[in-house]
Amino acid sequence: MNSFDKVYHDLCEEILAAGREKDDRTHTGTLSKFGHQMRFDLKEGFPLLTTKKVSFKLLATELIWFIKGDTNIRYLLQYNNNIWNEWAFKKWVESADYAGPDMTDFGHRSLADPEFNEQYKEQLAKFKHLVLTDDTFMATYGDLGNVYGKQWRHFETKDRVTDQLKDVVENIKINPSSRRHIVSAWNPGEIDTMALPPCHTLFQFYVQDGKLSCQLYQRSADVFLGVPFNIASYSLLTHLVAKECGLEVGEFIHTIGDAHIYSNHIDAVKEQLTRKSFAPPQLEILTNKSLFDMEYEDLAINNYEAHAAIKAPIAV
Numbered sequence: 001m002n003s004f005d006k007v008y009h010d011l012c013e014e015i016l017a018a019g020r021e022k023d024d025r026t027h028t029g030t031l032s033k034f035g036h037q038m039r040f041d042l043k044e045g046f047p048l049l050t051t052k053k054v055s056f057k058l059l060a061t062e063l064i065w066f067i068k069g070d071t072n073i074r075y076l077l078q079y080n081n082n083i084w085n086e087w088a089f090k091k092w093v094e095s096a097d098y099a100g101p102d103m104t105d106f107g108h109r110s111l112a113d114p115e116f117n118e119q120y121k122e123q124l125a126k127f128k129h130l131v132l133t134d135d136t137f138m139a140t141y142g143d144l145g146n147v148y149g150k151q152w153r154h155f156e157t158k159d160r161v162t163d164q165l166k167d168v169v170e171n172i173k174i175n176p177s178s179r180r181h182i183v184s185a186w187n188p189g190e191i192d193t194m195a196l197p198p199c200h201t202l203f204q205f206y207v208q209d210g211k212l213s214c215q216l217y218q219r220s221a222d223v224f225l226g227v228p229f230n231i232a233s234y235s236l237l238t239h240l241v242a243k244e245c246g247l248e249v250g251e252f253i254h255t256i257g258d259a260h261i262y263s264n265h266i267d268a269v270k271e272q273l274t275r276k277s278f279a280p281p282q283l284e285i286l287t288n289k290s291l292f293d294m295e296y297e298d299l300a301i302n303n304y305e306a307h308a309a310i311k312a313p314i315a316v
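Under our numbering, think of the first position of the sequence shown as 1, with each following residue one higher.
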């Protein structure tokens, strides 16, 4: 098994074997472990899991969305990226402007009730169309509040606004040995303005021997659905920042607080653990554009061979 898949499988196996049952905000139920760290040597390839297919397009367009400082899902929908839809949709169906069928607890009901699921899909399709075509609707219901992109590029305190990502990139160029190359998405004064408080809360860059490494602290990690994206997303960010700063890549280190497998993901995890891995793919950056001007079309994943994706419900 390649080293990337093995590190991830080890986490899954540890939670299944020793995780404790724990309630959660969504009332789905989890097996949970507190405190875990994984390390990925980015010189060995790009850590896109191969024991289930992970969409590079989805994680790359989401990362670029963060880098742009965007918080509205229209950009994502333009790439058919639906990973943030549920949080924006929830905002609409709970508003006075919504006049459709009752969508209360749509995440759970859509799984248990086929008739309701059809209604849910109709309303979600209507919602997406309005976000893409109606600027007023988009501004009101497509925006997720002060989530990641806002904090990375426009972190507000009482006295100032800070472009954290731009400042970190400049500081890496000027003073690579600094221990202060940190970007925080956790802004206590704005948590209640976010559709979802940041799960991946803080990351730090580290330069040694001409190589850039990145460590992420993630307070809460959906191990089956979220973590494979998080691993690849921050590895991609490390590559992009390294290129911007004229450095090679080193390691991506993933430190997790509450690492959990949702109770309705356990069978999917067990299925994935039966699979053997393939060789990891390679990332290719096709442009000399600045990090801040990058688009999805400027990136490519080569030689990606993976088992089929495994679907599982998202907890909202």
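Where is the CB? At the ideal position from N, CA and C, for every residue including glycine.
Annotated three-state conformation of Thr28 is coil, per DSSP. By the C-beta density criterion, Phe34 is exposed, having fewer than 16 other C-beta atoms within 10 angstroms.
Per the coordinates, the alpha-carbon of Lys22 lies some 10 angstroms from the alpha-carbon of Asp258.
DSSP, reduced to helix, strand and coil, places Cys214 within a strand of the structure shown. DSSP places Val269 inside the alpha helix (DSSP H), whose first and last residues are 266-273.
Cα atoms of Glu297 and Glu62: separation of roughly 13 angstroms, rounded to the nearest angstrom. Between the beta-carbon of Ile172 and that of Val207 there is about 6 angstroms, and that keeps the pair under the 8 angstroms contact cut. Counting other Cβ atoms within 10 Å of its Cβ, Ser290 stays below 16 and is therefore classed as exposed. Separation of Glu44 and Gln282 (C-alpha to C-alpha, rounded to the nearest whole angstrom) is 9 angstroms. For Leu283, the enclosing beta strand (DSSP E) has its first and last residue at 282-285. When C-alpha distances from Tyr75 are compared across Ala96, Ile310, Asp135, Ala185, the shortest belongs to Asp135.
With three or more CB-CB distances shorter than 8 angstroms, the segment 202-219 counts as touching the segment 180-193. The Cβ-Cβ distance between Ala300 and Glu284 falls below 8 angstroms.
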